[in-house]
Amino acid sequence: MTAALSAEKILRELNELWVSLAQADKQEQSGGVLRACSMTLIVVTEETSESTPVGEVLAALMREHPSRAVVLRIANGATLDSRVFAECWMPFGRHQQICCEQIEISLSPGMIADVAALLPGIVAPDLPVALWCRTASLLGLPEFRQVLAWADKTIIDSSDFADPRQALPQLIAARAMCRFADLNWTRLTRWREAIAQAFERSATMAKLANLSDLTITYKTPETPITAWYLAAWVREALGRPLRTQLRSAAGNAGRTIQEVTLSGPGISVSVTRTEGDSVQLHDCSLDSCAIFPPHPEYRLLSEELALLQSDALYDSVLLRANELAKSFPEAAR
């Protein structure tokens with residue numbers, strides 16, 4: 017079907033889709049169909065049995081970020097083909113359906129350049145373009161740069177990299193090609209908020225200059241990127257290095273960071289994950305509890321899509337994390 021696939025064909029099918037939705041709504045005499053679109057969201061995926069289906073993530077995401085979704089499904093041996101459909105829902109207490117359109121294109125890895133040539137004709141005009149690259153290894157393919165070129169912001173998940181230490185220089189190289197966000201950095205939002213909150217008390221803030229040591233405990237065999245990110249963020253926030261220890265502890269690898277401790281003469285601040293989503297906050301002589309709510313994939317994406325501008329803090333943290341990782345022994349524990 018290679019010769020038959022074109023931007024004109026896809027747009028024609030989209031128009032026919034909306035006509036059919038309007039006709040069906042008229043027959044049912046409901047409250048109408050509202051076509052919602054605030055951006056184009058390009059999704060590139062090589063789904064595995066372990067990953068949450070892209071369709072489920074988009075269905076949850078569209079209610080907060082209605083988009084024209086263009087899903088590129090890459091599989092070895094796939095033929096170039098496409099289909100269009102709508103994701104619709106009816107808000108509680110309303111009689112009008114809200115619908116977002118989706119374009120799904122199947123392709124093999126060797127067809128990436130061909131599909132990249134289709135993108136100018138199928139992105140929603142005059143709206144921002146976000147790219148969710150669910151397969152981080154594609155960033156190293158020269159032909160994939162043609163896809164990156166269309167995105168105002170690219171979203172990746174560095175947990176996809178097999179070697180966290182080697183991933184950092186690869187991310188820096190990717191940063192030179194495009195503006196991107198890492199969901200692994202987004203996962204640390206609550207940790208950073210909790211640590212910052214501990215220093216809101218004047219008694220703790222007065223001893224800030226005494227901080228000398230940082231310990232991060234995690235539950236993975238290798239030091240995860242999130243640990244490098246957190247250590248780099250602390251250094252960035254303080255404007256100076258601390259004696260840093262990154263150590264592995266036995267446990268459930270599904271929760272990578274277990275504890276963050278900042279200490280020095282007369283000061284000790286820690287955030288420790290206890291059970292489930294609960295954490296224990298220790299601020300010198302004050303103890304309290306907090307909840308770190310689970311962050312499913314769509315929630316992390318929603319947070320990143322809410323701000324398409326560049327993140328200067330992340331840029332600095334990424335560089336510092338790479339420098340820190342290079343300074344540590346190869347088997348940091």
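Heads up, the sequence shown is in our numbering, so the first residue is 17 and it goes up one at a time.
C-beta atoms are modelled at their ideal positions from N, C-alpha and C, and glycine is treated no differently.
Since this is a predicted model, take the numbers as computed values, not measurements.
Close CB contacts of Glu-159 within its chain, under the 8 Å cut and outside five residues either way in sequence, are with Ile-128, Ala-129, Ala-132 (chain order). DSSP links Ser-286 through a beta bridge to Thr-277, His-298. DSSP places Asp-176 in the helix class (H, G or I) of the three-state scheme.
By alpha-carbon distance to Pro-257, the top candidate from Gln-274, Lys-223, Glu-339 is Glu-339.
For Val-139, the secondary structure class from DSSP, reduced to helix, strand or coil, is coil. Counted as a single uninterrupted DSSP element, the beta strand (DSSP E) harbouring Glu-117 occupies residues 113-123.
Beta-bridge analysis with DSSP links Thr-272 to no other residue.
According to the DSSP secondary-structure assignment, Gln-261 is paired through a beta bridge with Thr-231. With fewer than 16 other CB atoms across the displayed protein chains lying within 10 angstroms of its CB, Met-106 is exposed.
The DSSP-derived three-state label of Phe-101 is strand. 8 Å or more divides the Cβ of Asp-179 from the Cβ of Gln-113.
A distance below 6 Å between beta-carbons, with the five flanking residues on each side excluded, links Ser-122 to the following residues of its chain, in chain order: Arg-89, Ala-94, Asp-97. Inside the stretch 52-99, DSSP marks whole alpha helix (DSSP H) runs of 4 or more residues at positions 70-77, from first to last along the chain. The beta carbon of Ala-248 sits closer than 6 Å to the beta carbons of Val-333, Arg-336, Ala-337, Leu-340 from its chain, once the five residues preceding and following it are set aside; these are given in chain order.
Minimum Cα-Cα distance from Pro-185 among the listed residues Asp-303, Leu-262, Trp-244 corresponds to Trp-244. Look at Phe-160 here: in three-state DSSP terms it is helix. Less than 8 Å separates the beta-carbon of Asp-229 from that of Gly-280.
Per DSSP, the unbroken alpha helix (DSSP H) holding Trp-249 starts and ends at 241-254. Scanning Leu-323, Tyr-330, Lys-342, Trp-207 for the CA closest to the CA of Glu-80 turns up Leu-323.
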